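Residue numbers (UniProt numbering): 1 to 217.
Pasting the structure below:
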């Protein structure tokens with residue numbers, strides 16, 4: 001069986017979990033502590049996840065490469081639609097600020113990659129090396145308002161956009177969209193309109209990837 005090494009919080013890891021479910025193909029999931037540098041270095045020469053062990057001791061990094069490999073080698077290819085420009089533009093807008101809100105929240109959630117004090121310290125060290133801004137963004141009203149605005153803007157965008165399902169052809173944009181909605185779900189107090197909420201909840205349930213609403217802070 002293939003083995004997928006991931007972090008629970010990581011949006012790039014989220015999309016790789018999606019493809020295995022959507023292709024109905026089993027994979028073993030392995031979580032690494034965030035301060036485990038040695039394991040990924042031995043596998044691919046870099047400290048990054050996700051990493052797929054697709055053959056014994058043969059490893060593949062990079063989420064898009066993993067998605068493409070599984071899609072093209074397991075059953076009929078499904079990720080064959082072009083990227084959707086208006087979805088990609090929305091995703092880029094979220095990426096400009098999401099990490100400032102997500103970093104201090106992810107580390108407070110009970111994710112396996114932060115199970116040790118050393119892993120939490122390493123996350124702090126790498127994501128806020130100056131030590132000045134990591135937690136100050138937690139309740140920044142301007143950032144929280146920005147997050148709400150981008151969610152509100154998605155309501156109209158998704159009005160005629162199809163839900164993810166096991167039958168339709170897919171685009172990389174479907175994966176990117178859910179990954180960002182998954183990241184936003186760690187932020188407590190955000191409101192999701194009915195269209196956006198249906199899309200994210202449906203994708204979560206279909207792909208067996210829980211949103212972080214339970215751990216939102």
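All residues carry an ideal CB built from backbone N, CA and C; glycine is no exception. Only a predicted model underlies this, so the values are computations on that prediction, with no experimental measurement involved.
Runs of alpha helix (DSSP H) with 4 or more residues, each lying fully within the UniProt domain "Glutaredoxin 2 C-terminal" (87-216), are found at 98-106, 117-127, 141-157, 172-184, 194-207, listed in chain order.
By the CB criterion at 9 Å, residue 6 and residue 49 fall inside the cutoff.
For residue 19, the uninterrupted alpha helix (DSSP H) run begins and ends at 11-22, by DSSP. Three or more Cβ pairs closer than 8 Å define a contact, and the region 75-91 meets that threshold against the region 175-193.
By the C-beta criterion, the region 135-145 is judged not to be in contact with the region 21-37, since fewer than 3 inter-stretch pairs fall below 8 Å.
Remark: C-beta atoms of residue 75 and residue 25 approach each other more closely than 9 Å. According to the DSSP assignment, residue 44 belongs to the alpha helix (DSSP H) that extends over 38-44. Between the C-alpha atoms of residue 194 and residue 42 there is a straight-line separation of about 45 Å. Contact check for residue 190 against residue 118 fails: the beta carbons are separated by 9 Å or more. The DSSP-derived three-state label of residue 29 is strand.
Residue 110 counts as exposed, since fewer than 16 other beta carbons sit within 10 angstroms of its beta carbon. Per DSSP, residue 69 is one residue of the alpha helix (DSSP H) stretching across 63-73. Taking the CA atoms as reference points, residue 67 sits about 27 Å from residue 214.
Contact between residue 4 and residue 52 holds, with the beta-carbon distance rounding to 5 Å and staying under 8 Å. Apart from sequence neighbours up to five positions away, the residues of its chain that approach residue 148 with a beta-carbon distance below 8 Å are 190, 191, ordered along the chain. The residue among 198, 125, 141 with its C-alpha nearest the C-alpha of residue 155 is 198.
Inclusion of residue 209 and residue 105 in the CB contact set at 9 Å is not warranted, their separation being larger than that value. Where residue 5 is concerned, the enclosing beta strand (DSSP E) starts and stops at 3-6.
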